[in-house]
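Colleague: Quick note, the sequences are listed as chains A and B, same order.
Residues in the first sequence are numbered consecutively from 1, following my numbering.
Residues in the second sequence are numbered consecutively from 313, following my numbering.
Every residue, glycine too, gets a C-beta built ideally from N, C-alpha and C.
One structure follows; several queries about it will come next.
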Amino acid sequence: MTKKRVFNIEVLIPFIILAVMVVIFAVSTQGKLFTAASLRTLVKQTISLMIAGLGMLFVAAIGGCDITQGSLAGLCAAVTAFAATYSIPLAICLSILIGLVSGTFLGVVNAKFRVPSFMVSLAMMIGLRAMVSQVLGNNSVILPIPYLILDDFKVSVTVLLILIVVITYIFHYTAFGAGCQAIGENEKAVKFAGVHVDKFKIGAYAMSGLMTGIAAVFILARVGGSSNVIGLGFEMRIMMALYIGGVPVAGGFASKVYKVVVGAFIIQLLESGLLLSNVAGAMTQMIRGFVLLFVVFIMVRINKRARAAAGA
Amino acid sequence: MAEELLKITNLNKSFGMTHANNNICLTLEKGEIRCLAGENGSGKSTLTSIISGMQPFDDGSMVLNGKEYKPADPLEANARKVAMVVQELGVITALTGSMNIYLGQTDQFRRNGMVSTRAMGKAAEAIFDKWHIPKVPLGIPCAHLTMEQRKMVELARALDADPDLLILDEITQSLSHDTRKVIYELKDRFKQEGRSMIIISHDLEETVEISDSITILRDGEVVETVRSDGFTVDDLKQKMVGRKMEGDYYRTDTAPSYEESVLLDVKDLSLADGQLKNISLQLHKGEILGVCGLSDAGIHPLGSAIWGISDSKRSGLVKDGVTGKELKHPKDMIACGGSYLSKNRDEEGLMMEAEIRNNMYLPSMQELTGKMKFTSPAAVDRLAQKAYDDFDVKATSIHQPIGRLSGGNKQKINLGRWLVKDLNYIILDCPTRGVDVGVKAYIYSVLRKKKEEGVGILLITDELTEAIGMADRILVLKNGELAAEIERGEAFTESNIIEVMV
Numbered sequence: 001m002t003k004k005r006v007f008n009i010e011v012l013i014p015f016i017i018l019a020v021m022v023v024i025f026a027v028s029t030q031g032k033l034f035t036a037a038s039l040r041t042l043v044k045q046t047i048s049l050m051i052a053g054l055g056m057l058f059v060a061a062i063g064g065c066d067i068t069q070g071s072l073a074g075l076c077a078a079v080t081a082f083a084a085t086y087s088i089p090l091a092i093c094l095s096i097l098i099g100l101v102s103g104t105f106l107g108v109v110n111a112k113f114r115v116p117s118f119m120v121s122l123a124m125m126i127g128l129r130a131m132v133s134q135v136l137g138n139n140s141v142i143l144p145i146p147y148l149i150l151d152d153f154k155v156s157v158t159v160l161l162i163l164i165v166v167i168t169y170i171f172h173y174t175a176f177g178a179g180c181q182a183i184g185e186n187e188k189a190v191k192f193a194g195v196h197v198d199k200f201k202i203g204a205y206a207m208s209g210l211m212t213g214i215a216a217v218f219i220l221a222r223v224g225g226s227s228n229v230i231g232l233g234f235e236m237r238i239m240m241a242l243y244i245g246g247v248p249v250a251g252g253f254a255s256k257v258y259k260v261v262v263g264a265f266i267i268q269l270l271e272s273g274l275l276l277s278n279v280a281g282a283m284t285q286m287i288r289g290f291v292l293l294f295v296v297f298i299m300v301r302i303n304k305r306a307r308a309a310a311g312a
Numbered sequence: 313m314a315e316e317l318l319k320i321t322n323l324n325k326s327f328g329m330t331h332a333n334n335n336i337c338l339t340l341e342k343g344e345i346r347c348l349a350g351e352n353g354s355g356k357s358t359l360t361s362i363i364s365g366m367q368p369f370d371d372g373s374m375v376l377n378g379k380e381y382k383p384a385d386p387l388e389a390n391a392r393k394v395a396m397v398v399q400e401l402g403v404i405t406a407l408t409g410s411m412n413i414y415l416g417q418t419d420q421f422r423r424n425g426m427v428s429t430r431a432m433g434k435a436a437e438a439i440f441d442k443w444h445i446p447k448v449p450l451g452i453p454c455a456h457l458t459m460e461q462r463k464m465v466e467l468a469r470a471l472d473a474d475p476d477l478l479i480l481d482e483i484t485q486s487l488s489h490d491t492r493k494v495i496y497e498l499k500d501r502f503k504q505e506g507r508s509m510i511i512i513s514h515d516l517e518e519t520v521e522i523s524d525s526i527t528i529l530r531d532g533e534v535v536e537t538v539r540s541d542g543f544t545v546d547d548l549k550q551k552m553v554g555r556k557m558e559g560d561y562y563r564t565d566t567a568p569s570y571e572e573s574v575l576l577d578v579k580d581l582s583l584a585d586g587q588l589k590n591i592s593l594q595l596h597k598g599e600i601l602g603v604c605g606l607s608d609a610g611i612h613p614l615g616s617a618i619w620g621i622s623d624s625k626r627s628g629l630v631k632d633g634v635t636g637k638e639l640k641h642p643k644d645m646i647a648c649g650g651s652y653l654s655k656n657r658d659e660e661g662l663m664m665e666a667e668i669r670n671n672m673y674l675p676s677m678q679e680l681t682g683k684m685k686f687t688s689p690a691a692v693d694r695l696a697q698k699a700y701d702d703f704d705v706k707a708t709s710i711h712q713p714i715g716r717l718s719g720g721n722k723q724k725i726n727l728g729r730w731l732v733k734d735l736n737y738i739i740l741d742c743p744t745r746g747v748d749v750g751v752k753a754y755i756y757s758v759l760r761k762k763k764e765e766g767v768g769i770l771l772i773t774d775e776l777t778e779a780i781g782m783a784d785r786i787l788v789l790k791n792g793e794l795a796a797e798i799e800r801g802e803a804f805t806e807s808n809i810i811e812v813m814v
């Protein structure tokens, strides 16, 4: 009954890039990057990026934009660090809750008041960063030792795997996930098909906020304490991970969980690889920029060709 | 013998493997109104877009006014006095009407380096005056204009070239009955002044009625060019499809037939912006209820308002006849086995870049949700495949993106994905808009079958013949109010309906 699908090169692109990068850095770091120890570090560094990216996937799928993650993670981390001195479980719940509230707020303003998501999240990014300073003041908070168990490789990777499974389920096997992707394709069509588009949109942003809240818990554990600069530039790395992984900027059904996972690895590999290859910091940024541009360019070209071949 | 305006000889155009135009030969005289007829995908739009300079041809030749004609772009075509109003391009909604008309040619209104919007507005008005097109507000962004007004802006843009040859691709399908008259008058004037037109229309009655001659295309080739005198719509249908049409197109019975029980009960439905005023109607089991009216009569807002989506606030009561539940949101109606098909299929119906499968899935999202919110991809595939097979969609598989499938196939998907569900009633807004005769006949047969199964159908349509051919009762709307209700029978004639409409 299922006819064979037309083979799609687009599926392979992120994997090819990943493979190319592995080869390049294997040579340029003389294998340093691929020792067991560096690989573990690499994975650990990817965890928070991946978690927040999985949340952002819902927003990307509807064709929306969320750039609050950096500031939001900063705020979550600040509050969690304070709360952790009283109770660690409470602190974690608090972080997730703040993320959820922030995301929901963004969603409601965007869906109900029709303010473009980029504008709302830009405003929130600035506002939330200010709140971080407000909460922390001049203090820097040191975490209680037991909290650092969250930085343990086994613990954090287990949590990550569970989250990947859960998000895959929600995104690919429920009406909510499909609805978000459909909105990215044609919002009006979804609305006229009788779906509560607003609820789905709010849900997508709430998901992004919630996952950022979870990511913040792990960022905090990695850093070991809270400071004003936690999460700076985080939103940019998330976006890069998504787009390098091949999630379409306009959203839709080509958004996939695996693309976020692979994309996050590519970003981290690029950063760590350049560092271990003794490339200067400023150069690193520039190379990252070029790679992103190049990959998106390739994606666009290939999509265009695939579409022409499909007669679309 | 009149003079030749355009002569096309052995014109070819291919897109990859598809031969869109194959050895086209066509001669057009000055003052001639030519219609192109053919099913979707027969190459009409390709041919007109070549003539208007939107794409190059592969080989062959065109001669315009005795000189070789090979336009590189629409501007060059305009310079040779050829202009076209395309089917789907539309206007740029953020710009004003006059800006849209003079886009790319604003230099002529430059004063001291600045473009004078006033001079441009005046020039734009002058076009409307010159050609007697109904005035539309030109100073505001086109986003605020109705579809019909936007079409008028496009028409004005084409007429600005002072064309000897004007090509209209499916212009009348987006126009209401009264505005179509403008096109007809324009046509008469063109004839008088020795100018020519090429018109594509899916409305076959119109095609035969307005043209001097008809060129029939099939699979990219010219089948025949005939004079329109004495040529009938039935002749045309046969020539287009290349075989005799099977079965009846419309209903043949002359009396209404439906059951007593009410499926959908609408009371005093109004919209705050005045598009609808106190409309009450009842849709019965097994009934096809036609709704007709002029462009601003409110027939299209009526459909979406009953469905639960409207630009302005809705008042009144929409009730499911069986359960007695009040229906406020489309979801409520879906829960009661109702559905709605928008007139704007590509904007408000389908996801153009998504696979057929995902489009099929959209209306059935709730039904396919199982325990723990789980949706099985295999179940979605099965549903999509069933609708795909049942409605005879022609594509490579359910995984093909909808993209450039023909209008007829798109509409089969659009309609099929709803009808595959167990429906009680369905609101259809122009379900045969932009589809060819073959698919049209198919859709009518499906509707007749659904009627026999007891499904109630609210058929909103711009084509009177369609309403007369299919409906048990016709409601005529005028200025947002219910003007008349006519039962199938003696009184079911076009003139009777038009009398109430105007």
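Could you pull out every unbroken beta strand (DSSP E) segment of at least 3 residues lying fully inside the region 20-54 of chain A, listed in chain order?
Modeller: Runs of the beta strand (DSSP E) inside the region 20-54 of chain A: none found.
Colleague: Mind checking Pro146 of chain A: buried by the 16 CB within 10 Å criterion, or exposed?
Modeller: Reading the first sequence from its first residue, position 146 is the one you call residue 146 of chain A. That one is exposed.
Colleague: Using the Cα positions of Gly273 of chain A and Leu163 of chain A, report the straight-line distance between them to the nearest angstrom.
Modeller: Indexing the first sequence from 1 puts residue 273 of chain A at position 273. Indexing the first sequence from 1 puts residue 163 of chain A at position 163. The straight-line gap from Cα to Cα measures roughly 26 Å.
Colleague: What separation, rounded to the nearest whole angstrom, lies between the Cα atoms of Ala803 of chain B and Ala795 of chain B?
Modeller: Numbered from its first residue, the second sequence carries residue 803 of chain B at position 491. Numbered from its first residue, the second sequence carries residue 795 of chain B at position 483. If I take the Cα positions, the gap works out to 15 Å.
Colleague: When Cβ atoms are compared, which residues of the region 200-215 of chain A fall closer than 9 Å to chain B?
Modeller: For the region 200-215 of chain A, which is checked against every Cβ of chain B, not one residue is closer than 9 Å.
Colleague: Taking Thr212 of chain A and Ala73 of chain A to be in contact with their CB atoms under 8 Å, please state how far apart those CB atoms are, rounded to whole angstroms.
Modeller: Working through the first sequence from its first residue, we reach residue 212 of chain A at position 212. Working through the first sequence from its first residue, we reach residue 73 of chain A at position 73. With 8 Å as the limit, Thr212 of chain A and Ala73 of chain A qualify as a contact, their Cβ atoms being about 6 Å apart.
Colleague: Out of B:Thr687, B:Lys493, B:Val375, B:Gly343, which has the shortest C-alpha to C-alpha gap to Ala175 of chain A?
Modeller: Indexing the first sequence from 1 puts residue 175 of chain A at position 175. Ala175 of chain A has its Cα closest to that of B:Thr687, out of B:Thr687, B:Lys493, B:Val375, B:Gly343.
Colleague: Compute the Euclidean distance between the alpha carbons of Asp524 of chain B and Ala61 of chain A, then round it to the nearest angstrom.
Modeller: Residue numbering aside, residue 524 of chain B sits at position 212 when the second sequence is read from its first letter. Residue numbering aside, residue 61 of chain A sits at position 61 when the first sequence is read from its first letter. Cα to Cα, Asp524 of chain B sits roughly 52 Å from Ala61 of chain A.
Colleague: Enumerate in chain order the residues of its own chain whose CB-to-CB distance from Glu806 of chain B is below 8 Å, with the five nearest sequence positions on each side excluded.
Modeller: Counted from its first residue, the second sequence places residue 806 of chain B at position 494. Leu776, Thr777, Ile780, listed in sequence order.
Colleague: Does the Cβ-Cβ distance between Phe192 of chain A and Ser654 of chain B come in under 8 Å?
Modeller: As a first step, residue 192 of chain A must be located in the first sequence, where it is residue number 192. As a first step, residue 654 of chain B must be located in the second sequence, where it is residue number 342. A contact, by the Cβ cut-off of 8 Å.
Colleague: Val190 of chain A and Leu674 of chain B: beta carbons closer than 8 Å?
Modeller: Locating residue 190 of chain A in the first sequence gives position 190, counting from the first residue. Locating residue 674 of chain B in the second sequence gives position 362, counting from the first residue. Result yes, Cβ atoms of Val190 of chain A and Leu674 of chain B sit closer than 8 Å.
Colleague: Ala282 of chain A touches chain B at which residues, Cβ-Cβ below 9 Å?
Modeller: Against the first sequence, residue 282 of chain A aligns to sequence position 282. Under the 9 Å cutoff, chain B gives no residues; its nearest Cβ is about 39 Å from Ala282 of chain A.
Colleague: Residues in the same chain with beta-carbon distance under 7 Å from Val403 of chain B, minus the five sequence neighbours each way, listed in chain order, please.
Modeller: On the second sequence, position 91 is the one that residue 403 of chain B refers to. Hits under 7 Å: Asn412, Cys454, Arg462, Val465, Glu466.
Colleague: In three-state DSSP terms, what is Pro453 of chain B?
Modeller: Indexing the second sequence from 1 puts residue 453 of chain B at position 141. Of the three classes helix, strand and coil, the one that applies to Pro453 of chain B here is strand, per DSSP.
Colleague: Please report whether the beta-carbon of Gln399 of chain B lies at a distance below 8 Å from any beta-carbon of chain A.
Modeller: Translated into the one-based positions of the second sequence, residue 399 of chain B becomes position 87. Gln399 of chain B does not count as touching chain A.
Colleague: Return yes when the C-beta of Ala60 of chain A is under 7 Å from any heavy atom of the ligand ATP, and no when it is not.
Modeller: Among the components modelled here there is no ligand, and therefore nothing to report on the ligand ATP.
Colleague: Look at Ile820 of chain B and Asn671 of chain B and say whether their C-beta atoms are less than 8 Å apart.
Modeller: In the structure as shown, chain B starts at 313 and stops at 814, and residue 820 of chain B therefore has no counterpart that could be examined.
Colleague: Compare the C-beta of Asn186 of chain A against all C-beta atoms of chain B and say whether one is closer than 8 Å.
Modeller: Taking the first sequence and counting its residues from 1, one reaches residue 186 of chain A at position 186. For Asn186 of chain A, the answer is yes, since a Cβ of chain B falls inside 8 Å of its Cβ.
Colleague: What do you reckon, are the CB atoms on Leu480 of chain B and Val749 of chain B nearer than 8 Å?
Modeller: Along the second sequence, one-based indexing puts residue 480 of chain B at 168. Along the second sequence, one-based indexing puts residue 749 of chain B at 437. Cβ distance not < 8 Å, so Leu480 of chain B and Val749 of chain B don't count as in contact.
Colleague: Please tell me whether Gly661 of chain B and Asn721 of chain B are closer than 8 Å, where the distance is taken between their beta carbons.
Modeller: Taking the first residue of the second sequence as 1, we reach residue 661 of chain B at position 349. Taking the first residue of the second sequence as 1, we reach residue 721 of chain B at position 409. No, they are not a contact pair.
Colleague: Using 10 angstroms around the beta-carbon of Ile17 of chain A, count the other beta-carbons present and answer buried if the total reaches 16, otherwise exposed.
Modeller: Here the question's residue 17 of chain A lines up with position 17 in the first sequence. Buried.
Colleague: Based on the DSSP secondary-structure assignment, which residues constitute the bridge partners of Arg346 of chain B?
Modeller: Taking the second sequence and counting its residues from 1, the one referred to as residue 346 of chain B is at position 34. Note: Arg346 of chain B sits in a beta bridge opposite B:Ile510, B:Ser525.
Colleague: Kindly indicate the opening and closing residues of the beta strand (DSSP E) around Cys742 of chain B.
Modeller: Looking up residue 742 of chain B in the second sequence gives position 430. That residue, Cys742 of chain B, is in no beta strand (DSSP E); it is neither H nor E in DSSP.
Colleague: Since Cys604 of chain B and Met813 of chain B should fall inside the 8 Å C-beta cutoff, what is the C-beta to C-beta distance between them, to a whole number of angstroms?
Modeller: Counting from one through the second sequence, the residue named residue 604 of chain B turns up at place 292. Counting from one through the second sequence, the residue named residue 813 of chain B turns up at place 501. The Cβ separation is near 7 Å, so the contact holds.
Colleague: Quick one: what does DSSP say Ile725 of chain B is sitting in, helix, strand or coil?
Modeller: Along the second sequence, one-based indexing puts residue 725 of chain B at 413. Here Ile725 of chain B sits in helix by DSSP.
Colleague: Using three-state DSSP, classify Gly580 of chain B as helix, strand or coil.
Modeller: Your numbering for residue 580 of chain B matches position 268 in the second sequence. As written in the sequence, residue 580 of chain B is Asp, which differs from the Gly given in the question. Looking at Asp580 of chain B - three-state DSSP - the assignment turns out to be strand.
Colleague: Report the partner residues of Cys604 of chain B according to the DSSP bridge assignment.
Modeller: Along the second sequence, one-based indexing puts residue 604 of chain B at 292. Answer by DSSP bridge pairing, in chain order: B:Val788.
Colleague: What is the rounded straight-line gap between the Cα of Gly225 of chain A and the Cα of Ile51 of chain A?
Modeller: Reading the first sequence from its first residue, position 225 is the one you call residue 225 of chain A. Reading the first sequence from its first residue, position 51 is the one you call residue 51 of chain A. Their Cα atoms are separated by approximately 20 Å.
Colleague: I'd like to know if Asn736 of chain B contacts chain A, where contact means its C-beta is closer than 8 Å to some C-beta of that chain.
Modeller: Translated into positions along the second sequence, residue 736 of chain B becomes position 424. No, because no Cβ of chain A sits closer than 8 Å to the Cβ of Asn736 of chain B.
Colleague: Along the beta strand (DSSP E) that carries Ile710 of chain B, what are the first and last residues, could you check?
Modeller: The sequence position of residue 710 of chain B within the second sequence is 398, counting from 1. Where Ile710 of chain B is concerned, there is no enclosing beta strand (DSSP E), given that its DSSP letter is neither H nor E.
Colleague: Output, in sequence order along the chain, the residues in the region 339-359 of chain B whose CB is closer than 7 Å to any CB in chain A.
Modeller: Residues passing the 7 Å Cβ filter: none.
Colleague: List in chain order: all unbroken beta strand (DSSP E) runs of 3+ residues lying wholly within the region 155-232 of chain A.
Modeller: For the region 155-232 of chain A, not a single whole beta strand (DSSP E) run of length 3 or above is found.
Colleague: Just confirm the distance between the C-beta atoms of Val157 of chain A and Val43 of chain A, as a whole number of angstroms; I'd bet it's less than 8 Å.
Modeller: The sequence position of residue 157 of chain A within the first sequence is 157, counting from 1. The sequence position of residue 43 of chain A within the first sequence is 43, counting from 1. Confirmed, Cβ separation roughly 7 Å.
Colleague: Give a yes or no on contact between the region 354-366 of chain B and the region 380-391 of chain B, applying the rule of three or more CB pairs nearer than 8 Å.
Modeller: Yes: the two stretches touch, three or more of their Cβ pairs being nearer than 8 Å.
Colleague: If you drop the 5 nearest sequence neighbours on each side, which residues of the same chain put their C-beta closer than 7 Å to that of Ala470 of chain B?
Modeller: Position 158 of the second sequence, counted from the first residue, corresponds to residue 470 of chain B. Correct list, in chain order: Ala395, Met396, Val397, Leu478.
Colleague: Identify each residue in the region 103-126 of chain A for which the Cβ-Cβ distance to at least one residue of chain B is less than 8 Å, and report them in chain order.
Modeller: Answer set for the region 103-126 of chain A: empty.
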